[in-house]
Amino acid sequence: MKKGNTYITIAFLVIFTLSGCNKFLELDPESSWKEETFYASKEEANLALSGIYSQLSKEDLYGYKFNVTLEAGTDETYTNDPSPNWNAAKYAYTSSSDEIKNAWLKFYTCIQLVNQFEKNLKKELFATEQYNNLLAKARFMRAFSYYNLASWFGPVPLRLTPSTSQEDNNVPPSPALDVYKQAEQDYLFAAEHLEHANSPSYIPGEPNKMAAHGLLARLYLKMGGYQPYLSPSDANCYFENPQQYFEKAKAQCEIIINDGWHRIVPYATDSKSYRTHFLTYLQDKYDLKESLFEISFGNLYSMGIAVSGRLGNINGVEFVGTSTIPRGFANINVALPVYDAYSMGDARREWSIAGYRNKYSTSTQLYTMNYMFNNPLHFEYGIGKFRRWEPANLEELKTKVSVTNANYTILNNTTGSDTDPNYTSINFPILRYSDVLLMHAEAIIGGRFGTNAANSAAVNSLNVVRERAGLEPYTGSLNHTDFFNELVDERLRELCFEGLRKQDLIRWNLLEDKLKATNQKIKNNPLFLANDQYHQTYLEPGNNFNRTKHLLLPYPLQETLINTKLKQRLGW
């Protein structure tokens with residue numbers, strides 16, 4: 001089967017998202033591209049790369065199902081929906097669940113496209129560095145895909161050449177360590193050959209040099225942490241000499257820090273720095289100094305192009321009624337521990353948590369805006385980080401608590417998205433500089449199971465993040481355990497709802513503990529009602545979680561039927 005036709009189909013669907021439409025509209029679309037001549041120029045190669053990027057922009061991945069639905073069920077988020085439609089967020093999934101099947105499929109589609117790209121990229125047609133740069137963009141995406149597959153599924157088939165026949169499907173799973181090592185090699189190649197984001201020719205949204213270094217650091221922290229089901233004994237669920245990976249993570253973070261170009265805007269410069277940064281994702285802008293890498297969405301759904309996200313809709317602030325408003329469903333709630341984690345003076349608190357909604361009555365045809373920030377068990381206690389709208393006068397709403405037909409301001413105001421009822425153009429952060437700083441601090445102490453006390457460099461990295469939140473410098477204990485626990489909480493405060501928490505908790509071997517603690521917090525809260533269906537739904541992830549099964553996802557049933565060498569994990 002020729003892959004050229006597949007590439008051109010995918011690429012034209014997303015080309016506007018990644019590089020602007022005018023440049024590529026100059027191409028004369030052809031009904032058929034010959035596989036052996038598809039990458040005859042940089043322009044054609046970039047068109048093919050856009051097809052690879054597009055896989056991440058699908059609903060099944062960073063549109064919401066992977067980074068919102070499958071990510072739920074921690075001390076960060078849980079669903080409020082008691083129906084089976086949200087079983088994937090409650091550890092009630094099966095090997096046939098669409099969310100699992102489609103995440104696997106999309107990541108492997110991305111890998112297949114990268115492998116085909118490598119085969120079709122003709123080295124003799126390009127200058128050496130141009131060839132390596134194009135290859136680096138593709139390998140960056142393969143590394144990212146394999147990192148996610150191994151993190152969520154454990155041992156997976158390692159494919160480095162394009163599949164061309166049914167027989168190519170029969171590949172046994174490689175040990176997770178081998179998969180991570182392949183991702184490491186791809187990221188190292190990318191870090192060597194990608195452009196820096198400060199380059200005049202860099203296109204925002206594409207892979208870049210420092211993003212590769214940062215995601216390498218994330219990979220190394222994962223490799224140094226707890227490895228589910230590596231051994232029947234928890235004590236042996238670690239790769240050999242795990243502390244080596246923390247040293248490597250530290251080195252990668254310091255490449256970025258010492259480079260000096262990336263930064264976060266201090267509170268002293270802008271007291272709303274956190275909010276200001278997240279507005280760039282909402283408004284399809286790029287703060288390249290803080291955002292090292294993000295998934296770019298073009299709101300082209302109305303044009304029949306299925307490359308749009310539902311960020312700010314599925315995981316947004318409740319606002320349902322007519323088709324002309326920035327609709328939000330609040331299907332995923334802020335978990336109670338997030339509310340408890342913030343101090344009153346933390347500038348991130350009221351951006352991460354919305355604490356309001358706008359409810360429509362079909363009988364009166366009126367909207368009633370409510371303020372319920374201090375009712376963290378409310379059934380529509382929505383995430384604020386990707387809010388599409390906000391009250392025009394929040395202080396008035398805080399005072400009155402309830403206002404009819406209140407004015408509101410649309411924040412996600414890019415063309416089309418401001419009135420699209422469900423699909424948005426909100427970009428999704430994959431790696432921010434604050435994450436680099438917190439990874440740096442963690443790498444210095446060697447993660448949860450290290451022994452190092454925090455030094456001045458670790459404290460400084462933490463304090464840069466705290467300062468932007470308007471907080472005083474850290475003055476707590478530098479003891480390893482105490483400082484690690486502070487980082488666990490700080491990552492929740494700073495990085496909540498960015499698709500990182502579940503894997504953080506797994507590599508720390510804390511997921512079960514945090515789920516138990518979350519349920520206990522909910523039951524002990526004075527607002528908890530045992531007969532409230534939503535409160536009971538909040539408890540489902542903790543009640544359903546089984547550490548013998550749920551630290552990794554099951555292999556999709558269809559894959560175990562197609563791939564005769566892929567045997568399902570015990571218990572599924």
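Per UniProt numbering, the sequence shown starts with residue 1, numbered consecutively.
Beta carbons: idealized from backbone N, C-alpha and C, even for Gly.
Q) Among Asn67, Ile52, Leu177, Ser50, which has the Cα closest to the Cα of Asn315? A) For the purposes of this step, residue 315 is identified with residue 315 of the sequence shown, where counting begins at 1. When the alpha-carbon of Asn315 is set against those of Asn67, Ile52, Leu177, Ser50, the nearest one is in Asn67.
Q) Are the beta-carbon atoms belonging to Ser296 and Gly205 less than 9 Å from one another? A) Numbered from its first residue, the sequence shown carries residue 296 at position 296. Numbered from its first residue, the sequence shown carries residue 205 at position 205. Contact: yes.
Q: My understanding is that Gly328 touches Glu318, with C-beta atoms under 8 Å, so please give their C-beta distance in whole angstroms.
A: For the purposes of this step, residue 328 is taken as the residue at position 328 of the sequence shown. For the purposes of this step, residue 318 is taken as the residue at position 318 of the sequence shown. Confirmed, Cβ separation roughly 6 Å.
Q | Close Cβ partners of Asn422 (< 7 Å) along its chain, the five nearest in sequence each way excluded | A | As a working mapping, residue 422 is identified with position 422 in the sequence shown. The beta carbon of Asn422 is closer than 7 Å to those of Arg310, Asn313, Arg327 in its chain, skipping five residues each way along the sequence.
**Q.** Rounded C-alpha distance that separates Gln112 from Ser163
**A.** Mapped onto the sequence shown, residue 112 falls at position 112. Mapped onto the sequence shown, residue 163 falls at position 163. Each residue's alpha carbon lies about 7 Å from the other.
Q.
Ignoring anything shorter than 3 residues, give me the beta strand (DSSP E) runs that lie fully in the region 416 to 446, in order along the chain.
A. Within the region 416 to 446, the complete beta strand (DSSP E) segments of 3 residues or longer fall at 428 to 432, listed in chain order.
Q) Which stretch, first to last residue, makes up the alpha helix (DSSP H) that contains Val488? A) Within the sequence shown, the letter at position 488 stands for residue 488. Per DSSP, the unbroken alpha helix (DSSP H) holding Val488 starts and ends at 480 to 495.
Q) Expressed to the nearest angstrom, what Euclidean distance is found between the alpha-carbon atoms of His82 and Tyr187? A) Locating residue 82 in the sequence shown gives position 82, where the first residue counts as 1. Locating residue 187 in the sequence shown gives position 187, where the first residue counts as 1. The sequence given here has Pro at residue 82, not His. Approximately 41 Å between the Cα atoms of the pair.
Q | With 16 other Cβ atoms within 10 Å as the buried cut-off, status of Ser41 | A | Position 41 of the sequence shown, counted from the start, is the residue given in the question as residue 41. Here Ser41 is exposed, its C-beta having fewer than 16 other C-beta atoms within 10 Å.
Q: On a CA-only basis, which of Val320, Arg493, Pro391 is nearest Ser434? Give me that one, please.
A: Counting from 1 along the sequence shown, the entry for residue 434 is found at position 434. When only C-alpha atoms are compared, the closest one is Arg493.
Q: Report the three-state DSSP secondary structure of Arg357 (helix, strand or coil).
A: As a first step, residue 357 is located in the sequence shown; it is residue number 357 there, counting from the start. Looking at Arg357 - three-state DSSP - the assignment turns out to be strand.
Q) Roughly how many angstroms separate the alpha carbons of Asn531 and Pro155, rounded to a whole number? A) Numbered from its first residue, the sequence shown carries residue 531 at position 531. Numbered from its first residue, the sequence shown carries residue 155 at position 155. So the alpha carbons of these two residues sit roughly 42 Å apart.
Q) Buried or exposed: which applies to residue 594, given that a residue is buried once 16 or more other Cβ atoms fall within 10 Å of its Cβ? A) Outside the shown range of the chain (1 to 572) lies residue 594, about which nothing can therefore be said.
Q. Ordered along the chain, which non-local residues of its own chain (more than five positions away) have a Cβ less than 6 Å from that of Lys289?
A. Translated into positions along the sequence shown, residue 289 becomes position 289. Contacts found: His262, Arg263.
Q) Count the other CB atoms within 10 Å of the CB of Ser456; is the residue buried (16 or more) or exposed (fewer)? A) Your numbering for residue 456 matches position 456 in the sequence shown. Exposed.
Q. Mind checking whether Glu118 and Ala138 have CB atoms under 9 Å apart?
A. Within the sequence shown, the letter at position 118 stands for residue 118. Within the sequence shown, the letter at position 138 stands for residue 138. Yes.
Q: Closer than 6 Å by C-beta to Cys21: which residues in its own chain qualify, once you throw out the five before and the five after it? Chain order, please.
A: Along the sequence shown, one-based indexing puts residue 21 at 21. Low confidence applies here, because Cys21 scores a pLDDT of 33, under 50, leaving its location unreliable; read the following figure in that light. None.
Q) How big is the Cα-Cα spacing for Val436 and Asn80? A) Counting from one through the sequence shown, the residue named residue 436 turns up at place 436. Counting from one through the sequence shown, the residue named residue 80 turns up at place 80. Each residue's Cα considered, the two are about 32 Å apart.
Q. Apart from the five residues on each side of it in sequence, which residues of its chain come closer than 7 Å, Cβ to Cβ, to Gln568?
A. Along the sequence shown, read from residue 1 onward, the residue named residue 568 stands at position 568. Cβ neighbours of Gln568 beyond the five flanking positions: Ser95, Pro554, Tyr555, Thr560.
Q) Going by the beta-carbon positions, is the gap between Gly321 and Glu350 smaller than 9 Å? A) Numbered from its first residue, the sequence shown carries residue 321 at position 321. Numbered from its first residue, the sequence shown carries residue 350 at position 350. No Cβ-Cβ contact shorter than 9 Å links Gly321 with Glu350.
Q: Check whether the region 498 to 508 touches the region 43 to 60, taking contact to mean three or more Cβ pairs, one atom from each stretch, closer than 8 Å.
A: Counting Cβ pairs under 8 Å, fewer than three are found: no touch.
Q. With which residues is residue 573 paired in a DSSP beta bridge?
A. No answer is possible for residue 573: it lies beyond the span of the chain, which begins at 1 and ends at 572.
**Q.** Cα-Cα separation, Asn479 to Val488
**A.** Counted from its first residue, the sequence shown places residue 479 at position 479. Counted from its first residue, the sequence shown places residue 488 at position 488. Here the C-alpha atom of Asn479 lies approximately 14 Å from the C-alpha atom of Val488.
Q. If you draw a straight line from the C-alpha of His550 to the C-alpha of Ser231, how long is it?
A. Counted from its first residue, the sequence shown places residue 550 at position 550. Counted from its first residue, the sequence shown places residue 231 at position 231. Linking His550 to Ser231 through their CA atoms gives a straight-line distance of about 15 Å.
**Q.** Length of the line joining the Cα atoms of Ile426 and Arg387
**A.** Within the sequence shown, the letter at position 426 stands for residue 426. Within the sequence shown, the letter at position 387 stands for residue 387. Approximately 10 Å, taken between the alpha carbons.
Q: Consult DSSP for Pro391 and reduce its assignment to one of helix, strand or coil.
A: In the sequence shown, the residue the question calls residue 391 occupies position 391. Pro391 falls in the strand class under three-state DSSP.
Q) Going by other Cβ atoms of all chains shown within 10 Å of its Cβ, with 16 needed for buried, is Met210 buried or exposed? A) Numbered from its first residue, the sequence shown carries residue 210 at position 210. Buried, by the Cβ-count rule.
**Q.** CB-CB length for Leu411 against Trp389, believed under 8 Å
**A.** As a working mapping, residue 411 is identified with position 411 in the sequence shown. As a working mapping, residue 389 is identified with position 389 in the sequence shown. Contact between Leu411 and Trp389 holds: their C-beta atoms lie close to 6 Å from each other, under 8 Å.
Q. With distances taken between CB atoms, is the gap from Tyr220 to Ala458 smaller than 9 Å?
A. Numbered from its first residue, the sequence shown carries residue 220 at position 220. Numbered from its first residue, the sequence shown carries residue 458 at position 458. No.
Q: State buried or exposed for Lys123, treating a residue as buried only when at least 16 other CB atoms are found within 10 Å of its CB.
A: Here residue 123 corresponds to residue number 123 of the sequence shown, with the count starting at 1. Exposed is the call here.
Q: For Ser145, verify whether its CB is less than 8 Å away from any heavy atom of the ligand GDP.
A: Absence of the ligand GDP is noted for the structure shown, with no ligands found whatsoever.
Q) Do Ile256 and Leu292 have their C-beta atoms within less than 9 Å of each other? A) Position 256 of the sequence shown, counted from the first residue, corresponds to residue 256. Position 292 of the sequence shown, counted from the first residue, corresponds to residue 292. In this structure, Leu292 lies closer than 9 Å to Ile256 by Cβ.
Q) Around the C-beta of Asn358, are 16 or more other C-beta atoms found within 10 angstroms, so that it is buried, or is it exposed? A) If you number the sequence shown from 1, residue 358 lands on position 358. Burial call: buried.
Q) Which term fits Thr77, buried or exposed, when burial requires 16 or more other beta carbons within 10 angstroms of its beta carbon? A) The residue you call residue 77 lines up with position 77 of the sequence shown. Counting of Cβ neighbours within 10 angstroms places Thr77 among the buried residues, the total reaching 16 or more.
Q. Hey, how far is the Cα of Asn413 from the Cα of Leu282?
A. What you label residue 413 is simply residue 413 of the sequence shown in a count that begins at 1. What you label residue 282 is simply residue 282 of the sequence shown in a count that begins at 1. Rounded to the nearest angstrom, the two C-alpha atoms are 8 Å apart.
Q. In terms of alpha-carbon separation, which member of Leu70, Ala341, Lys181, Gln130 lies closest to Asn102?
A. Reading the sequence shown from its first residue, position 102 is the one you call residue 102. Ranked by Cα distance from Asn102, the options Leu70, Ala341, Lys181, Gln130 are led by Leu70.
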